[in-house]
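**Q** Chains as they are written, first to last, in the numbering used here: chain A, 5 to 155; chain B, 2 to 466. Positions of the beta carbon are idealized from the N, C-alpha and C atoms, including for glycine.
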Amino acid sequence: MSTETKKKLVLHTSDNETFEIEEAVVLQSQAIKHMVEDECADNAIPLPNVTSKTLSKVIEYCKKHAEDSGEEALKAWDADFIKFDTDTLYDVIMAANYLNIKSLLDLTCQRVADMCKGKTPEEIRRTFNIKNDFSPEEEEAVRRENQWAFE
Amino acid sequence: MDSHSKLQDRVKDRISELPDRVLIHIVSFLATKYAVRISILSKRWKGIWAFSPNLDFFGISMRNKAGFVDFVERVLTSRDLDIQKFRFECFNVGDFSRVDSWIRTAVRLNVVEVDLNFGCDRRQVYELPDSLFICESLKVLKVVAGCITFDPPSPRFPSLKVLNACLYQPNNESMEKLFSCCPVLEDLSLRADIGDAVLNFKVSAPELKTFRVDLFNAYKNAYEYPSDDEDEAPDYIDVYNFFINAPKLETLDIHTDILSNFFFENSESLVKANIDLTHHDSSERPTFAKSATALMAAVSNVKDLSLSADCFKARYLPAFDNLSKLELVFQDCHHLELLLPEFLNRSPKLESLIINRFDFTCGEHTNDRRWSQPKKVPICLLSQLKTITLKGVRGAPEEMKMAKYLLMAGKVLETVTVSITTDRDLLSVYSTEKGLQKTFCSFQKGSKTCVVKFVKGKVRRFLDY
Numbered sequence: 005m006s007t008e009t010k011k012k013l014v015l016h017t018s019d020n021e022t023f024e025i026e027e028a029v030v031l032q033s034q035a036i037k038h039m040v041e042d043e044c045a046d047n048a049i050p051l052p053n054v055t056s057k058t059l060s061k062v063i064e065y066c067k068k069h070a071e072d073s074g075e076e077a078l079k080a081w082d083a084d085f086i087k088f089d090t091d092t093l094y095d096v097i098m099a100a101n102y103l104n105i106k107s108l109l110d111l112t113c114q115r116v117a118d119m120c121k122g123k124t125p126e127e128i129r130r131t132f133n134i135k136n137d138f139s140p141e142e143e144e145a146v147r148r149e150n151q152w153a154f155e
Numbered sequence: 002m003d004s005h006s007k008l009q010d011r012v013k014d015r016i017s018e019l020p021d022r023v024l025i026h027i028v029s030f031l032a033t034k035y036a037v038r039i040s041i042l043s044k045r046w047k048g049i050w051a052f053s054p055n056l057d058f059f060g061i062s063m064r065n066k067a068g069f070v071d072f073v074e075r076v077l078t079s080r081d082l083d084i085q086k087f088r089f090e091c092f093n094v095g096d097f098s099r100v101d102s103w104i105r106t107a108v109r110l111n112v113v114e115v116d117l118n119f120g121c122d123r124r125q126v127y128e129l130p131d132s133l134f135i136c137e138s139l140k141v142l143k144v145v146a147g148c149i150t151f152d153p154p155s156p157r158f159p160s161l162k163v164l165n166a167c168l169y170q171p172n173n174e175s176m177e178k179l180f181s182c183c184p185v186l187e188d189l190s191l192r193a194d195i196g197d198a199v200l201n202f203k204v205s206a207p208e209l210k211t212f213r214v215d216l217f218n219a220y221k222n223a224y225e226y227p228s229d230d231e232d233e234a235p236d237y238i239d240v241y242n243f244f245i246n247a248p249k250l251e252t253l254d255i256h257t258d259i260l261s262n263f264f265f266e267n268s269e270s271l272v273k274a275n276i277d278l279t280h281h282d283s284s285e286r287p288t289f290a291k292s293a294t295a296l297m298a299a300v301s302n303v304k305d306l307s308l309s310a311d312c313f314k315a316r317y318l319p320a321f322d323n324l325s326k327l328e329l330v331f332q333d334c335h336h337l338e339l340l341l342p343e344f345l346n347r348s349p350k351l352e353s354l355i356i357n358r359f360d361f362t363c364g365e366h367t368n369d370r371r372w373s374q375p376k377k378v379p380i381c382l383l384s385q386l387k388t389i390t391l392k393g394v395r396g397a398p399e400e401m402k403m404a405k406y407l408l409m410a411g412k413v414l415e416t417v418t419v420s421i422t423t424d425r426d427l428l429s430v431y432s433t434e435k436g437l438q439k440t441f442c443s444f445q446k447g448s449k450t451c452v453v454k455f456v457k458g459k460v461r462r463f464l465d466y
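1. Quick one: Cα of residue 311 (chain B) to Cα of residue 278 (chain B), how far?
2. Can you check whether the C-beta of residue 51 (chain B) is within less than 9 Å of a C-beta belonging to chain A?
3. Which of the three DSSP states, helix, strand or coil, is assigned to residue 6 (chain B)?
4. Here's the rule: buried if 16 or more other CB atoms are within 10 angstroms of the residue's CB, otherwise exposed. What is residue 126 (chain B)?
5. Under a three-way DSSP split, which group does residue 4 (chain A) fall into?
6. For the 8 Å Cβ check, are there 3 or more pairs between the segment 173 to 184 of chain B and the segment 200 to 209 of chain B?
7. What are the boundary residues of the alpha helix (DSSP H) that includes residue 346 (chain B)?
8. Considering residue 173 (chain B), what are the terminal residues of the alpha helix (DSSP H) in which it resides?
9. Would you mind sorting residue 96 (chain A) into buried or exposed? The rule is 16 or more other CB atoms within 10 Å of its CB.
10. Whole-angstrom Cβ separation of residue 37 (chain B) and residue 113 (chain A), contact assumed at under 8 Å?
11. The segment 124 to 139 of chain A: which residues have C-beta closer than 8 Å to a C-beta of chain B, in chain order?
12. Am I right that residue 452 (chain B) and residue 420 (chain B) are in contact with their C-beta atoms under 8 Å? What's the rounded C-beta distance?
13. Can you list, in chain order, the residues of the segment 93 to 104 of chain A whose Cβ is nearer than 8 Å to any Cβ on chain B?
14. Please identify the residue among A:143, A:18, A:116, A:101 whose C-alpha is closest to the C-alpha of residue 87 (chain A).
15. Shorter than 9 Å from the beta carbon of residue 150 (chain A) to some beta carbon of chain B?
16. For residue 205 (chain B), does the three-state DSSP call read helix, strand or coil?
17. Given a limit of 8 Å on CB to CB distance, which residues of the segment 77 to 93 of chain A reach chain B?
18. So with CB distances below 7 Å, who are the chain B contacts of residue 143 (chain A)?
19. Hey, is residue 62 (chain B)'s beta-carbon within less than 9 Å of any beta-carbon in chain A?
20. Strictly below 8 Å CB to CB, what residues from chain A border residue 355 (chain B)?
21. Just the chain B side, please: which residues come within less than 9 Å of residue 24 (chain A) by C-beta, in chain order?
22. In the structure shown, what three-state DSSP assignment does residue 64 (chain B) receive?
23. When DSSP builds the beta bridges, which residues end up paired with residue 420 (chain B)?
24. Within the segment 52 to 106 of chain B, note down every full beta strand (DSSP E) run reaching 3 residues or more, in order along the chain.
25. Starting from the beta carbon of residue 13 (chain B), find every residue of chain A whose beta carbon is closer than 8 Å, and list them in chain order.
26. Taking Cβ-Cβ distances shorter than 8 Å, what residues in chain A pair up with residue 406 (chain B)?
27. Would you mind sorting residue 44 (chain A) into buried or exposed? The rule is 16 or more other CB atoms within 10 Å of its CB.
28. Using three-state DSSP, classify residue 36 (chain B) as helix, strand or coil.
29. Around the Cβ of residue 449 (chain B), are there at least 16 other Cβ atoms within 10 angstroms (buried) or fewer (exposed)?
30. Helix, strand or coil: how does DSSP classify residue 241 (chain B) here?
31. Could you tell me which of B:343, B:317, B:308, B:433 sits nearest to residue 357 (chain B), measuring between CA atoms?
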């Protein structure tokens with residue numbers, strides 16, 4: 005059994021909190037991986053675009069995915085994990101994009117897509133608070149162009 | 002009203018603030034029909050869907066639904082961006098030449114993955130277009146179709162790494178040719194509702210690592226009715242033959258209701274095999290012994306084997322010199338107690354054993370099964386076997402004799418996990434959950450480090466089969 009202590013990396017969030025995480029977990033972020041490879045990660049890695057609340061969620065995901073739990077178990081865990089409110093969902097999407105964690109970005113974007121499936125445009129607007137800035141004529145034109153899609 | 006409008010202002014449309022790249026990624030998960038609906042959410046979203054790398058069309062029928070055909074036509078003719086994935090699903094196609102022209106467009110736009118689902122109507126014979134065979138960018142092809150034919154140009158599938166075919170009553174010629182020339186194929190799955198037209202499957206793929214075959218309904222075609230002449234033996238149709246030339250094959254997954262003949266050019270690279278023979282009476286066929294022995298010999302090198310088969314006899318089994326993990330899946334009436342000692346004797350390196358018993362009784366003579374204790378303790382029990390998992394335990398006498406022996410003879414056991422059957426009726430014939438736990442804990446343990454754990458059984462639904 006190896007007595008070597010696992011190397012840890014220090015992450016510094018936008019709201020001035022620090023997280024000390026095992027390197028293996030954090031390296032799922034391609035962005036951080038490149039920093040480590042370029043040897044820019046000896047001190048704390050600053051993450052000016054990520055709050056501690058969001059980073060906690062991201063780390064929770066990375067920790068689970070660094071374990072070897074088996075595909076089915078991991079899928080079930082993901083399905084449970086992703087049940088956040090839309091605000092947190094946006095924050096995690098932005099963080100996954102910024103940190104370049106492909107599997108987390110896929111999971112969160114798929115979640116947004118699933119929230120759109122089968123809904124009318126008006127229902128989707130309500131879900132995400134999107135303001136319709138088309139004039140009635142413009143909207144009608146788009147609908148007519150791809151009529152079948154709106155049936 | 003004033004506070005209400007203030008609330009509206011505060012609730013922001015954050016999603017539209019995400020960068021283009023992310024919005025496009027979101028839309029890429031949507032079928033094209035839904036992606037297009039997104040285009041009228043707001044001006045921000047109007048152009049986004051056209052950048053989706055994936056095109057995914059599904060429609061019930063092409064015949065009377067001109068709208069659907071026009072939609073697909075317009076999307077494809079106006080597209081000039083490369084396509085990552087092209088998916089098309091329609092069970093009532095009518096005119097395949099339309100579909101082929103769309104596929105040609107996708108090929109021209111360097112499509113990487115093509116997924117076609119035409120349903121299982123045998124009357125619709127689909128001819129795979131040449132453009133797919135010679136497409137340089139194509140890495141993944143999935144096809145669900147009735148009978149398929151083709152006249153493939155050579156060389157074919159220059160970049161194809163993954164091929165999934167789900168076919169209904171395919172013809173013999175296509176099964177001999179489709180998989181026989183795939184230079185870089187790594188993963189092949191064939192699922193087929195087999196009629197009586199196909200006899201031979203030829204797989205020749207120098208880079209193939211995983212081969213999965215799932216044949217169903219073979220059984221119903223397997224027996225011809227005996228002729229009026231009583232002296233004549235019943236006319237069994239030949240089993241199906243697989244000729245496999247895949248020198249790098251690592252994983253073999255067979256799920257079929259009657260056992261076919263598998264001929265391997267060589268199978269030394271195999272590491273993992275999963276063999277599931279679902280039909281009960283397949284062992285009554287005269288060719289079964291020969292086929293079973295040959296298949297076992299072909300997988301004799303594997304490290305990981307999972308076997309579900311009735312009436313497998315000891316003489317079918319070769320030496321399993323490398324076998325480290327073994328799973329045996331048995332129904333109530335199968336002769337597990339006779340087969341297990343033989344497996345143990347032939348697997349000197351076995352480290353992990355899983356015995357998975359179905360909660361499904363077929364009503365056969367369960368009294369015939371008797372645990373026969375090996376005369377000499379198998380080598381693996383003395384020095385290798387570390388974990389045993391027993392699933393679907395119900396406490397029948399012969400079953401408990403077997404468990405007792407394993408615990409006593411296993412000198413290096415570390416963990417024995419017991420999962421008691423979820424079928425309360427079956428359990429109550431022999432014992433109770435608490436009673437079983439007590440019995441297990443009372444067994445003498447041959448290994449000082451052995452721990453017995455009890456876990457909740459998962460209810461196995463019939464469809465999980």
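**A** Looking at the coordinates:
1. 8 Å
2. no
3. For residue 6 (chain B), the predicted structure reports a pLDDT of 48, less than 50, and the residue's modelled location is therefore unreliable. A value from the coordinates is still provided. Three-state result, residue 6 (chain B): helix.
4. exposed
5. Outside the displayed range of chain A (5 to 155) lies residue 4 (chain A), so it cannot be described from this structure.
6. yes
7. 337 to 347
8. 173 to 178
9. buried
10. So it is not a contact: roughly 18 Å between Cβ atoms.
11. 124, 125, 128, 129, 132, 133, 134, 135, 136, 137, 138
12. At roughly 15 Å, the Cβ-Cβ gap does not stay under 8 Å, so residue 452 (chain B) and residue 420 (chain B) are not in contact.
13. 94, 97, 98, 101
14. A:116
15. yes
16. strand
17. 90, 91
18. 41
19. no
20. The premise fails here: residue 355 (chain B) is roughly 14 Å from chain A at the closest Cβ pair, so nothing lies under 8 Å.
21. In chain order: nothing, as chain B lies at least about 29 Å away.
22. coil
23. B:392, B:456
24. 55 to 59, 86 to 90
25. 133
26. Under the 8 Å cutoff, chain A gives no residues; its nearest Cβ is about 30 Å from residue 406 (chain B).
27. exposed
28. helix
29. exposed
30. coil
31. B:308
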